[in-house]
Amino acid sequence: MAKDYTKLADEIIAQVGGEQNIVNLYHCITRLRFKLKDVDVARQHKESIQQLDGVLSVIEGNGQFQVVIGNHVADVFQTIMKNYSIQHALESESTAEETENQGNLFIRFFNVLSAIFNPIIVALAGAGMLKALLVVFTTYHLMDAEGSTYKILAAAGNSVFYFLPLFLAISAARIFKANMFISLAIVAALLEPNFTAMVTENGVTVDFFGVPAVLMGYSGTVIPAIVSIYIYSQLEKLLKRVIPKSIEIFALSLVALLIMVPLTVLIIGPVGVMLGDGLGSVMNFISDKSGLLAGVLIGGGWTFLVMIGIHWGVVPIMVNNLATYGYDTLRPMIAAATFASAGVALGVFLRSRRKDTKSLALSSLLPALLGGITEPIVYGLSVKLKKPLIAQVIVGAVAGGFMGIMQTKAIVYVFPALTTLPAFFGDTFVYYVIGIAAAFFGTAILTYIIGFDESPEQSIVEEGDALQVVTPVNGEVITLDDVKDEVFSSRAMGDGLAVYPTTGTIYAPITGEVMTVFPTGHAFGIQSAAGTEVLVHIGLDTVDLPKGIFEIIVKQGDQVVKGQTIGTFDLSAILEKNYDPTTMLVFTSNVKEPSVAVEDQNHKEVTAFVTNDLLKGAIS
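Residue numbers (our numbering): 131 to 750.
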């Protein structure tokens, strides 16, 4: 039976500020990528989101608020898109402008490349794996390379790579907000049979209206298509201003083809091919001259590129290497980092004494080994436990350096994993196997040896550690002694604290189950997993206020997380009706947790206001 992700989706959306705060959303292989109107709203709940069951981490990068889910990110994304009216970023009209204007020039460049390549990655990886398998089948005489079966399967494997410029044209048109089909027609001209028949070799010169045109083969190239569509996107804006609407239906594409195809053939294409070749030559030169340095930097540093979310920007370099040289030396070095991450999971599993940590390590190990998906390990174990991150960087650098020295190659584009070993088949295959084995087992051993801290601060409330409490509203924290109501000030209902609110947002003060919500919405109670009960009462005598002042979006029986937005109230309306909006947080039962830590919304400790003798002994 398929798992229901509705609860997780609702909690995430609520804590990033609701669908009204979301400009658009899309996902990559492991993370939800939010573009928010006000990122500060979500930033206030970053810690709470990270504590959600099903969330591995929360990071900010590329102008996005990224929630790392792991293997089930597609399911969570589909649930969100089904239940909320949120713009899909890959269909958003503002995608290009947002992508191009985020961060410095370097970050913006990688943002654009990432956005263009992200939708194509899945097709590239699948086709690459099929090509790799065919190499194995023919090498070991399991299939005849001249047979029709092989040729049909080869066509399937070659399709994405041969027509890669067309895939890029479509994706680039989406990012640069150009007409997708005109863009496709422009780039398709470079692969049209009459054109390709003239390209007897790269650099052959033909005549175009008396102008010498240097022809290149564009199959599998990257830069010409992207640059061409970017230039066309600017031209299209101009053409739409000067071409009458009455003839735009044919005139726009006619003029675009007449201008862009010759321009691409004469200038953009040859320059793009040379740039791609030059970039590949530089990378290969660095690898040839100092494979050790290149391997150490990539094997040890790749994890940090993943953490800031710009690792997809390196994909064009690898794809260009494969198209130009028939192999790529970057992917094996990256594999060192991937298998080092997997080694962390094994090391943590063997060393940890906590069931929840062992469970996370074991569940994230197989996706890393079989699919190359490491973010659950990076965020759930390496970053959280700290020392394993040091281990994987050290061993990843050593293994990457080894593969760099040995000039280890990948023959197709795939994600590094045990299931994709055929992609590295060839005369350096044995070095690849040695490198990834060293990365995996070396990191596992080093992680086990240096250990890691599993102190209570790494634990969860359900296991009896500190009860983490935050104020239910933003504002000035005061003692119950200052509350103008004898029931609360006398602590007849229990000890706690009060807040004079400055905003109308209501937060869950603790992680636990909602036990009651008053019909008016002015008060609610939550119980922690250990049994401590907390009552939140918004305002004095506010039970008499009319409906519509309070809106609580949770109900009895719901599970909430500390800091989660669970409702709103109209603060100005309360003040206009001369009611006191002071909000009380009261412990209505004996504190079952061994300690209590109370903070306001700015993470400032306010436990000094909790003065009851029973709580004094519980406060750390």
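Backbone N, C-alpha and C fix where the C-beta goes; we use that ideal spot for every residue, glycine too.
Per DSSP, what kind of secondary structure is residue i in: helix, strand or coil?
| i | result |
| --- | --- |
| N154 | strand |
| V691 | coil |
| D140 | helix |
| L283 | helix |
| Q657 | strand |
| R621 | coil |
| E223 | Model confidence at E223 stands at a pLDDT of 47, short of 50, so the residue's coordinates are unreliable and nothing is read from them. |
| I189 | strand |
| I749 | Per-residue confidence for I749 stands at a pLDDT of 38, beneath the threshold of 50, marking its modelled position as unreliable; the derived number appears in the next sentence. Note: I749 maps to strand in three-state DSSP. |
| D134 | coil |
| Q180 | helix |
| G510 | helix |
| T577 | helix |
| P676 | coil |
| A569 | helix |
| M273 | coil |
| S313 | helix |
Based on DSSP bridge pairs, tell me the residues matched to residue i.
| i | result |
| --- | --- |
| T713 | V629, I668 |
| H218 | L155 |
| G605 | P631 |
| T698 | T635, E681 |
| L597 | V726 |
| R163 | Y156, Q196 |
| D337 | P342 |
| A540 | D458 |
| E331 | DSSP lists no partner for E331. |
| E663 | Q657 |
Go ahead and label residue i buried or exposed: buried means 16 or more other beta carbons lie within 10 angstroms of its beta carbon, across all protein chains shown.
| i | result |
| --- | --- |
| Q598 | buried |
| Y135 | buried |
| N708 | exposed |
| L492 | exposed |
| F554 | buried |
| L388 | exposed |
| D274 | exposed |
| M328 | exposed |
| K167 | exposed |
| A771 | The structure shown has nothing for residue 771, since the chain only spans 131 to 750. |
| Q208 | exposed |
| E616 | exposed |
| T646 | exposed |
| A286 | exposed |
| K367 | exposed |
| L272 | exposed |
I need the straight-line Cα distance from residue i to residue j, nearest angstrom please.
| i | j | result |
| --- | --- | --- |
| A498 | I566 | 12 angstroms |
| I749 | K514 | Residue placement at I749 is poorly supported in this model, since its pLDDT is 38, which falls under 50; the coordinates still yield a value, given next. Cα to Cα, the separation comes out at about 25 angstroms. |
| A475 | L345 | 51 angstroms |
| F751 | T713 | The requested residue 751 is not part of the displayed model; the chain covers only 131 to 750. |
| A299 | L393 | 16 angstroms |
| L670 | G624 | 16 angstroms |
| N213 | I356 | 35 angstroms |
| E149 | G184 | 20 angstroms |
| V666 | A172 | 23 angstroms |
| V542 | K419 | 23 angstroms |
| L138 | P462 | 36 angstroms |
| G473 | K485 | 19 angstroms |
| E331 | L294 | 20 angstroms |
| S719 | E663 | 5 angstroms |
| I575 | L500 | 20 angstroms |
| L435 | A465 | 14 angstroms |
| E230 | N154 | With a pLDDT of 48 at E230, under the threshold of 50, the modelled position of that residue is not reliable, and no figure is offered here. |
| G530 | V560 | 14 angstroms |
| I564 | V266 | 19 angstroms |
| F654 | I152 | 28 angstroms |
For the alpha helix (DSSP H) containing residue i, list its first residue and its last residue.
| i | result |
| --- | --- |
| G473 | 460-481 |
| E706 | 701-706 |
| N213 | 203-213 |
| G147 | Run containing G147: none; DSSP gives neither H nor E here. |
| T549 | Here T549 belongs to no alpha helix (DSSP H), and DSSP marks it neither H nor E. |
| S358 | 353-372 |
| M259 | 251-269 |
| K488 | 485-501 |
| D686 | Note that residue 686 is Gln in the sequence shown, not Asp. Segment: none, Q686 is in no alpha helix (DSSP H) and carries neither H nor E. |
| F297 | 294-306 |
| V613 | Careful: V613 lies outside any alpha helix (DSSP H) and carries neither H nor E. |
Compute every distance between the C-beta of residue i and the non-hydrogen atoms of the ligand NAD, then say whether any falls below 7 angstroms.
| i | result |
| --- | --- |
| G581 | In the structure shown, the ligand NAD is absent, as is every other ligand, since no ligand is present at all. |
Span of the beta strand (DSSP E) holding residue i?
| i | result |
| --- | --- |
| V647 | 642-647 |
Closer than 8 angstroms, CB to CB, is residue i near chain D or not?
| i | result |
| --- | --- |
| E366 | Note that chain D does not occur in the displayed structure, where there is just one protein chain. |
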